[in-house]
Every structure is written in structure tokens, then in C-alpha cells.
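The structure under discussion appears below in the form of C-alpha cells.
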Ligand SMILES: C=C(N)C(=O)O
């Protein structure tokens with residue numbers, strides 16, 4: 001029996017591309033990269049970069065919850081992908097408000113382009129033991 005399980009939830013975006021929303025391997029959950037896509041409509045949400053960052057974090061939290069974790073509280077590592085580092089401070093403000101005093105470890109990089117031409121994408125690792 002495998003201790004590796006793909007995670008599936010209607011509360012986070014899904015598509016036909018070849019990746020799982022998340023994969024739990026023992027106590028560790030790997031959450032795929034998400035843009036600010038509404039899981040109900042499958043569309044990129046309207047709104048400023050802060051609203052888009054919050055949508056991405058909601059998507060990640062939904063996958064952690066589905067894996068038996070406690071949303072963002074169980075996230076230990078995040079990678080932030082921005083198409084414009086000029087958004088860095090505004091993303092930090094929205095992001096920081098969600099994680100509080102003990103945020104996860106993080107990497108932030110600027111990239112030339114992201115799927116759906118979104119401005120922000122995050123992936124995450126969570127401890128769900
Ligand atoms: C959007 C993605 N996470 C992907 O294409 O891998």
C-alpha cells in the first residue's frame with residue numbers, strides 16, 4: 001500500500017493538465033502552483049494584486065484542508081512567482097496578513113510568464129502529520 005496520495009477537491013481549481021492539485025507523501029503535502037483562479041468558475045478573478053494573492057492563498061488552503069490539514073496554518077514553505085517584481089510589496093502585504101507572526105519559509109522569483117497570463121502564482125509545502 002502506498003503512502004502517496006493525490007488530493008482532489010472542488011474547492012480549488014482543477015483542469016485537464018497533467019498534475020494533481022496536491023500530493024500527500026506521508027506527513028508532507030505538496031500543493032501545486034496556483035494562480036488566482038476561482039474554483040467555481042475556472043476563471044481568473046478580477047481585482048487588484050492583493051485580491052489575486054488572497055485567491056491564490058484560498059486555493060492553497062483548500063488543498064491543505066482536503067488533505068486533513070489546517071489550511072495555511074500547516075504551510076511550511078511557499079514559492080512565490082511574480083511576473084513583475086514591482087508587485088512585490090503589495091503581494092507581501094496581502095500575504096503577510098494571512099500568515100501572521102510565524103510565516104512559512106519562502107522563495108520569491110520573477111518569471112517572464114505564467115499559465116493563464118496571471119501575475120502571481122504560489123506553490124506550497126505543508127506538514128499535515
Ligand atoms: C499551473 C501549474 N501548476 C502547472 O502547469 O504546473
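Residue numbers (full-length UniProt numbering): 1 to 129.
For every residue, glycine included, the Cβ atom is placed at its ideal position computed from N, Cα and C.
For residue i, three-class secondary structure by DSSP
i: residue 102; result: coil
i: residue 19; result: coil
i: residue 41; result: coil
i: residue 93; result: helix
i: residue 64; result: helix
Anticipated Cβ contact below 8 Å, residue i with residue j, distance rounded
i: residue 83; j: residue 119; result: 5 Å
Own chain partners of residue i with C-beta closer than 7 Å, once the 5 adjacent residues on each side are dropped
i: residue 85; result: 110
i: residue 68; result: 128
Pair within 7 Å by beta-carbon distance, residue i and residue j
i: residue 116; j: residue 35; result: yes
i: residue 74; j: residue 64; result: yes
i: residue 53; j: residue 94; result: yes
Proximal residues to residue i (C-beta, below 6 Å), its chain only, five neighbours per side dropped
i: residue 3; result: 26
Own chain residues within Cβ distance below 8 Å of residue i, not counting five before or after
i: residue 56; result: 34, 35, 36, 120, 121, 122
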